[in-house]
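Below is one structure, written out as structure tokens; the observations come after it.
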Amino acid sequence: MKTNPVMKKQFLTLLTLATLFTASCTDHDEPTSATSYRLDETSIAQWKGYLKTGYFNEGSIGVESNSLLVEDGKVKSGSFTLPLSSIVNFNLPTDELKHQLVHHLQSADFFNMALHPNVAFEIMSVSPYSGSAPGVISGANFEVTGHLTLLGKSNPVTFPARISLNGDSFTLEALATFDRTLWGMNYATEPGLPDDASIKPGIDVHLKLAGKKM
5 MKTNPVMKKQ
15 FLTLLTLATL
25 FTASCTDHDE
35 PTSATSYRLD
45 ETSIAQWKGY
55 LKTGYFNEGS
65 IGVESNSLLV
75 EDGKVKSGSF
85 TLPLSSIVNF
95 NLPTDELKHQ
105 LVHHLQSADF
115 FNMALHPNVA
125 FEIMSVSPYS
135 GSAPGVISGA
145 NFEVTGHLTL
155 LGKSNPVTFP
165 ARISLNGDSF
175 TLEALATFDR
185 TLWGMNYATE
195 PGLPDDASIK
205 PGIDVHLKLA
215 GKKM
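Sequence positions in the sequence shown follow my numbering and run 5 to 218.
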């Protein structure tokens with residue numbers, strides 16, 4: 005039986021197109037490489053809170069995570085926690101005053117550590133950032149958006165950050181301010197308080213994270 009030259013040509017054309025289509029789909033569907041990072045013990049969140057007079061207290065809280073996911077060289081997702089048992093104060097003159105302040109911050113007036121032992125942040129998106137503004141960390145190259153959970157309530161928070169991936173190492177540094185009253189932390193914000201007893205709603209946070217591949 006003779007093969008029709010036209011049919012043979014059409015068959016070869018269809019075969020070529022099918023091969024190209026299959027290759028294209030295979031390339032598109034190839035899984036991307038993803039790597040988990042674990043934060044080390046140097047990761048902290050430094051905090052600063054202010055009276056209306058301008059006086060402030062400052063300190064830090066530890067930051068823990070083993071679920072930061074990096075995909076194709078970019079932070080993709082993850083979460084971290086801040087254990088409230090790790091709060092420390094930097095500026096008060098005696099250990100007794102430092103302990104008094106820390107215990108007050110851990111009490112129901114503020115973070116209520118007995119019921120909510122951790123503050124948590126879940127990363128929802130990370131996008132390129134190239135701007136600059138007062139209060140933004142120098143060299144910020146990404147904008148991080150996530151859900152901050154404290155006192156059992158979650159609210160969205162967005163901040164520019166400087167994120168660096170170098171071999172097996174990961175660092176993130178950012179400056180952010182959040183309004184604690186949005187989470188129901190209203191201690192010493194009542195109208196009519198004297199300035200030296202009124203605590204501003206905003207808390208400044210300097211986030212410093214460092215970790216390595218798991």
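Even for Gly, the Cβ is constructed at its ideal location relative to N, Cα and C.
query: Nonlocal neighbours in the same chain, by C-beta distance under 7 Å from L109, ignoring five residues either side; result: I91 and F115
query: N-terminal and C-terminal residue of the beta strand (DSSP E) that D208 is part of; result: I203 to K217
query: Beta carbon of G53 nearer than 9 Å to that of I167; result: no
query: Counterpart residues of W51 in DSSP-defined beta bridges; result: G63 and V209
query: Cβ pair I203, K56 closer than 9 Å; result: yes
query: Cα-Cα separation, G215 to P198; result: 44 Å
query: Where P97 falls, given that 16 or more other Cβ within 10 Å makes a residue buried; result: exposed
query: Between the CA atoms of A49 and H210 - distance to the nearest angstrom; result: 6 Å
query: contact_flag[the segment 145-165, the segment 181-192] where n(CB pairs < 8 Å) is 3 or more; result: yes
query: Segment limits, alpha helix (DSSP H) that includes H108; result: D99 to Q110
query: DSSP-derived helix/strand/coil call for T185; result: helix
query: Under 9 Å between C-beta atoms of A124 and S136; result: no
query: Boundaries of the beta strand (DSSP E) in which H151 is found, first to last residue; result: F146 to L154
query: A22 (DSSP reduced to helix, strand or coil); result: Confidence is the limiting factor: at A22 the pLDDT is only 42, short of 50, which leaves the residue's position unreliable and the question unanswerable from this model.
query: Cβ neighbour criterion (16 or more within 10 Å) applied to S69; result: buried
query: Buried or exposed (CB count within 10 angstroms, at least 16 for buried), E178; result: Glu is not the amino acid found at residue 178; the sequence shown has Ala there. So A178 counts as buried.
query: Coarse secondary structure for L197, derived from DSSP in three states; result: coil
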